[in-house]
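A.B. asks:
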Amino acid sequence: MTTAAVTPASLSEAEILRLREDFPILQTQVNGHPLVYLDSGATSQRPFAVLDAERDFATTMNAAVHRGAHTLAGEATEVFEDARSALAGFIGADDDEIVWTSNATEAVNLVAYSLSNASAGRGGPEADRLRLGPGDEIVTTEMEHHANLIPWQELAARTGATLRVIPLDDDGALRLDVAAELIGPRARLVAVTHVSNVLGVINPVEKIVALAREVGALVLLDACQSAPHLPLDVRALDVDFAVLSGHKMLGPTGIGALYGRRELLEIMPPFLTGGSMITTVTTTEAEYLPPPQRFEAGTQKVSQAVALAAAVRYLQNVGMPRIAAHEAELGAHLVDRLSAIDGVRVLGAGIGLPRVGLASFDVTGIHSHDVGQFLDDAGIAVRVGHHCAQPLHRRLGVTASTRISTYLYTTRDEVDAAIDGVARTIDFFRRA
Ligand SMILES: Cc1ncc(COP(=O)(O)O)c(C=O)c1O
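Heads up, the sequence shown is in the numbering used here, so the first residue is 608 and it goes up one at a time.
(1) Any heavy atom of ligand 1 within a distance shorter than 7 Å of the CB on N804?
(2) Using DSSP with H/G/I as helix, E/B as strand and the rest coil, what is M608?
(3) I'd like to check one pair, W707 with F908: are the Cβ atoms closer than 8 Å?
(4) Between Y921 and V657, is the Cβ-Cβ spacing less than 8 Å?
(5) In its own chain, which residues sit with a C-beta less than 6 Å from the C-beta of S651, not counting the 5 before and 5 after it?
(6) Closest to I1026 by CA distance: which of L937, G992, A996 is it?
(7) Ligand 1 and Q911: does any heavy atom of the ligand fall closer than 7 Å to the residue's C-beta?
(8) Residue range of the alpha helix (DSSP H) that T748 falls in?
(9) Tell me the DSSP secondary structure of T886 in three-state form.
(10) At 3 residues or longer, and completely inside the segment 770-840: list those beta strand (DSSP E) runs for me, N to C.
(11) Could you check whether the Cβ of H940 sits closer than 7 Å to any heavy atom belonging to ligand 1?
(12) With DSSP as the reference, label E894 as helix, strand or coil.
(13) Flag Q997 as yes when its Cβ comes closer than 7 Å to any non-hydrogen atom of ligand 1, and as no otherwise.
(14) Would you mind listing the beta strand (DSSP E) stretches within the segment 677-745 that are 3+ residues and don't spill past its ends, in chain order?
(15) Residue range of the beta strand (DSSP E) that L1011 falls in?
(16) Within 10 angstroms of the Cβ of T666, are there 16 or more other Cβ atoms? Answer buried if so, exposed if not.
(17) Roughly how many angstroms separate the alpha carbons of G807 and A939, rounded to a whole number?
(18) Looking only at its chain, what residues have a beta carbon closer than 6 Å to the beta carbon of R901, apart from the 5 residues adjacent to it on each side?
(19) According to DSSP, is F902 part of a helix, a strand, or is it coil?
(20) Could you name the residues that DSSP lists as bridge partners for A849?
(21) Beta-carbon within less than 7 Å of Y866's beta-carbon, same chain only, minus the 5 sequence neighbours each way: which residues are those?
(22) For the beta strand (DSSP E) that contains G992, what are its first and last residues?
(23) Does DSSP classify S975 as helix, strand or coil?
(24) Is L624 helix, strand or coil when you go by DSSP?
(25) Tell me which residue opens and which closes the alpha helix (DSSP H) that V970 is part of.
(26) Could you check whether the segment 723-739 touches the segment 749-769, counting it as contact only if at least three pairs of C-beta atoms, one from each stretch, sit closer than 8 Å?
(27) Note down the Cα distance separating T739 from R771, rounded to an integer number of angstroms.
(28) With R952 as the anchor, note down where its beta strand (DSSP E) starts and where it stops.
(29) Within its chain, find whatever has a CB closer than 6 Å to the CB of S910; leave out the 5 residues flanking it on each side and keep chain order.
(30) So what does DSSP say about Y644, is it helix, strand or coil?
(31) Between N710 and ligand 1, is the CB less than 7 Å from at least one heavy atom?
(32) How about A670 and A680: do their beta carbons lie closer than 8 Å?
(33) Please check the pair V812 and L844, which I expect to be a contact at CB under 8 Å, by giving their CB distance rounded to whole angstroms.
(34) Quick one: what's got a C-beta closer than 6 Å to P998's C-beta in the same chain, skipping five residues either side?
(35) Ignore the nearest five residues each way along the sequence and tell me which others in G1028's own chain have a CB closer than 6 Å to its CB.
(36) Would you call the CB atoms of I1033 and G957 closer than 8 Å?
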């Protein structure tokens, strides 16, 4: 018997309209127009379930975790650890492989600083296999968000290792032929984004991981733009680290996470040090707790973690495969319609890779800030500029672009409103 591939059902228009009622900000007006929010790639909006979870925590059990012996502290610790389990389950990790951070940027820096601390001899002989030095190579790509680039530049500068960058082709696709050469015997770590925050394409992570495995290099996946939009299983992808930000997946700002393979976290020296991450301290030295607490110095982001867990449950209730299907449809529609407008160049449109509901474009002769301003006048929120990806823009021959990014609550009408707005902007400038 053969099994036909089943394409997951998308979200119906009626469902989207119903779930939009869960998001109070989507009912507001901006500049006299109903808000059309197409900037979820920068930060997503929050449903009542998330807003309520944070408020309920603050009003019924606010306390510092893992410390006090009183009832509230016990309850707070329980919900904090439940939140960790919720996120772990969401990405296919074990609970103790999730480290809370302030955002994805901090999570990448955590790994980079831990590796340079190991290189400086911290962590003892156990951490020896993490040492980097002259002759070692860190490999990243030309399409990274600065958060997954600058920490590696700094790590290379601190350790004497060399940073290698996988280039893009003219369409913005990763040059896998060059990747195969760059990920050689000297490569120790490969840091790559799952989904580009500018192009919206889903990178062939499996191929990069296979190249890294051949030479024994570690892989760090930037899952900022994938965890919110696609089913994500870090174990199935076989990555060593993954980073994400809560505010991009319906959660609050101020919380993100690092997934780290347990056997690596166990030998990694800490990044931040201080309270909450130790067992014994003298005036001259300290012994550290096992992971994940070893990496969670100081008072924790408890209400934010609880709210992020509510976001995860909300996403699971809707269903990640259905969210991904909805966004794939919006993404294809976005690219088709934008590409049909004379004077619009969609960055990375032609490469035929699967994509999320996000695309960036350049309009000949019109600065992205002007496009954004015109759309904003009509209540349409998009992102303009370099989107923290200057090397990518430079490679594609532009300094800035306009980005439209969608989410589970975005309707096709909203995408059309933005594209009609772009066409009107071009008309206006041509007539001027
Ligand atoms: C692909 C990617 N990586 C990393 C980040 C950094 O996220 P944060 O600023 O929340 O740390 C972003 C944010 O835009 C992103 O899109």
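Quick reminder that beta carbons are idealized off the backbone N, C-alpha and C, glycines included.
C.D. replies: Answer, in terms of the structure:
(1) yes
(2) Only weak support exists for where M608 lies, its pLDDT of 41 falling under 50; the value from the coordinates is given anyway. It is coil, neither helix nor strand.
(3) Reading off the sequence shown, one finds Lys at residue 908, where the question assumed Phe. The answer is yes: Cβ separation under 8 Å.
(4) yes
(5) K855, L857, Y1014
(6) L937
(7) no
(8) First-last for T748: 744-748, but that is the beta strand (DSSP E), not the alpha helix (DSSP H).
(9) strand
(10) 794-800, 825-829
(11) no
(12) strand
(13) no
(14) 705-708
(15) In the sequence on display, residue 1011 carries Ile and not Leu. Segment 1008-1012, the beta strand (DSSP E) holding I1011.
(16) exposed
(17) 10 Å
(18) P877, M884, Y895
(19) helix
(20) L828, Y866
(21) I698, A700, E704, I705, V841, F848, A849
(22) 990-992
(23) helix
(24) helix
(25) Segment 965-970 is the beta strand (DSSP E) holding V970; no alpha helix (DSSP H) there.
(26) yes
(27) Sequence inspection shows Leu at residue 739; the Thr mentioned does not correspond to that position. Rounded to the nearest angstrom, the two C-alpha atoms are 14 Å apart.
(28) 951-953
(29) E661, F664, A665
(30) strand
(31) yes
(32) yes
(33) 6 Å
(34) E749
(35) L982, A985, I987
(36) no
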